[in-house]
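Trainee:
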RNA sequence: GGCGACGUGGCCGAGUGGCUAGGCAGAGGACUGCAAAUCCUCGUACGGCGGUUCGAAUCCGCCCGUCGCCUCCA
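Residue numbers (my numbering): 3 to 458.
1) Which residue wins for smallest C-alpha separation from residue 366, given the options 23, 340, 355?
2) Indicate, with yes or no, if the ligand COA has a heavy atom lying under 8 angstroms from the CB of residue 445.
3) Leaving out five residues before and five after residue 14 in sequence, what residues of the same chain have Cβ atoms less than 8 angstroms from its Cβ?
4) Hey, out of 336, 360, 397, 359, whose CA is closest to residue 318's CA?
5) Once DSSP output is grouped into helix, strand and coil, what is the label at residue 205?
6) Excluding five sequence neighbours on each side, which residues of the same chain lie with their C-beta closer than 6 angstroms to the C-beta of residue 40?
7) Could you tell me how far apart the beta carbons of residue 263 and residue 294 are, in whole angstroms, since I believe they sit closer than 8 angstroms?
8) Please specify which runs of the beta strand (DSSP E), each continuous and at least 3 residues long, are wholly inside the region 112–137, giving them in chain order.
9) The alpha helix (DSSP H) that contains residue 359, what's its start and end?
10) If you scan the region 408–433 from start to end, which runs of the alpha helix (DSSP H) of 4 or more residues do you find wholly inside it?
11) If you drop the 5 nearest sequence neighbours on each side, which residues of the same chain put their C-beta closer than 6 angstroms to that of residue 133?
12) Run the CB neighbour count on residue 415, radius 10 Å, all protein chains shown included, and call it buried at 16 or more, exposed below.
13) Please give me, in chain order, every unbroken run of the alpha helix (DSSP H) with length at least 4 that falls completely inside the region 239–295.
14) Within a Cβ cutoff of 6 angstroms, which residues of the same chain sit near residue 388, ignoring the five residues on either side of it in sequence?
15) Any contact between the region 198–216 and the region 56–65? By contact I mean 3 or more CB pairs, one from each, below 8 angstroms.
16) Out of 104, 194, 17, state which residue places its alpha-carbon closest to the alpha-carbon of residue 115.
17) Are there 16 or more other CB atoms within 10 angstroms of the CB of residue 173, so buried, or fewer, so exposed?
18) What's the C-alpha gap between residue 155 and residue 235?
19) Alpha carbon to alpha carbon, how far is residue 24 from residue 18? Give it in angstroms, no decimals.
20) Beta carbon of residue 182, beta carbon of residue 125: below 9 angstroms?
21) Helix, strand or coil for residue 199? Go by DSSP, reduced to three states.
22) Could you pull the start and end residues of the alpha helix (DSSP H) that residue 46 belongs to?
This is the structure we're talking about:
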């Protein structure tokens, strides 16, 4: 398959370096519950993982938690809890939300605070190599020591310095240098280090965790577009310098960001953050995933008020096709060309919108060919392969028993009553029963072999 | 200021030179007692102005508009 690589700004053929695909995806900072942007990113890399497995590859995926930083400390103080408690709570929330969205867990979910020895060791290596220096109990990366610095975000140090105000309160040699280790203030979480009590900088965590769990060179490094600079630029510089490897990651894969109607960015300051919890209270995980996958992963995804409703409606037709039971006999329909369309779309830089078009065509073919008396078992197999890669469960939405909630037995009884009314041509009575069922959230369909029903 | 992305039919959203995207909404038809679902058919879209070309949504130039990053960020 071909994948777009932010480092080269082109698409090229993806081949893992070793027997297993090594993939590192930047996870969340545990200062709050996950929002839809986190869900979007997690779903994208979950689908990439699933698709690589579909292609027969073994995948080891690591997704970290940044569980110590300024935002966590501030938020914990504000909420009157310890940073550890806050992180613990939000890590639990992350798993709760992502599990609900059917995002498969990574092979390893390391936490920065549990990787302090690895982080310190890497910082020491950087100092030994002359790429880092201690100043005022903190340690900084010497950006000028890396001739390649800026290659991922394609900006030069001059670009960065121009038009940017660096705070120079710290004792940096160069304003563009960044912290590897931060001396802690009183009352802040702190670990012992050769430079005194402190905590790791943001970027070095990922370098250390990727190295610890995946090795010195990896295949795919993922994250949101907003992480390219400075996070990934710095992570790349550190790792390539410390480990003497180039490239640290074959592919840098970045997902586009979630936007709201009116091209507005979702952000705390605008007060428009939609949490995963809020979204899944109203919509199925399938609808959220389908919405995410209906636009290309590198494009910005614009969430409008009808987005999830549209996805729910679209999903119903996929479920209907999924519920069709193939005839045992009949001419066999060959689903290979449709499967091929799916594969070609996914092979082309994970083009899920085109892959979804193939999925809907599979659904239409199921209905059409089954209606024509053909054997659709191969279509059903392809449908299940595709929905598996997309992580769609196709479960009927669990609906609370509505006002005048109704049991299955009662539904069967009402349908029987209606059948009687229909044979007696009492159409008004029959329609009244149908209306009543509809109000209770039951849809019925009259088919050649009788009436079937489902909760809507 | 630097770097980058984008502007597609009512809405969402694929598509990098000729060949059906797809979804939602809508219209007509088939089926049905009527529906629902399903199936068939339909919209001839590509910000504007030029240019290149036999041919452009797709390449080039200019203009208009929108957005992202530039040490909080998936």
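Note that beta-carbon positions come from the ideal geometry of N, C-alpha and C, so glycine has one too.
Mentor: Inspection of the coordinates gives the following:
1) Nearest option by C-alpha distance: 340.
2) Because no ligand of any kind appears in the structure shown, any question about the ligand COA cannot be addressed here.
3) Result list for residue 14: 4, 5, 7, in chain order.
4) In terms of CA proximity to residue 318, 397 leads the group 336, 360, 397, 359.
5) In this structure, DSSP gives residue 205 a helical state, which the three-state scheme calls helix.
6) Once the five neighbours on either side are set aside, the close Cβ partners of residue 40 are 30.
7) At roughly 17 angstroms, the Cβ-Cβ gap does not stay under 8 angstroms, so residue 263 and residue 294 are not in contact.
8) For the region 112–137, whole beta strand (DSSP E) runs of length 3 or above, ordered along the chain, are 134–137.
9) Residue 359: member of the alpha helix (DSSP H) spanning 354–373, first to last residue.
10) Counting whole runs of 4 or more residues, the region 408–433 contains the alpha helix (DSSP H) stretches 410–425.
11) If we look at residue 133 and ignore the five residues flanking it on each side, its Cβ neighbours are 144, 147, 243.
12) The residue is exposed, with fewer than 16 neighbouring Cβ atoms inside 10 Å.
13) Here the runs fully enclosed are 278–284, 287–295.
14) So the list reads 344, 361, once near-sequence residues are dropped.
15) Output reads yes: the region 56–65 touches the region 198–216.
16) Ranking 104, 194, 17 by Cα distance to residue 115 puts 194 first.
17) It is exposed - the Cβ of residue 173 has fewer than 16 other Cβ atoms within 10 Å.
18) Distance between the alpha carbons of residue 155 and residue 235 is about 7 angstroms.
19) If I take the Cα positions, the gap works out to 8 angstroms.
20) Cβ atoms of residue 182 and residue 125: closer than 9 angstroms.
21) In the structure shown, the three-state DSSP call for residue 199 is coil.
22) Note, residue 46: alpha helix (DSSP H), 38–56.
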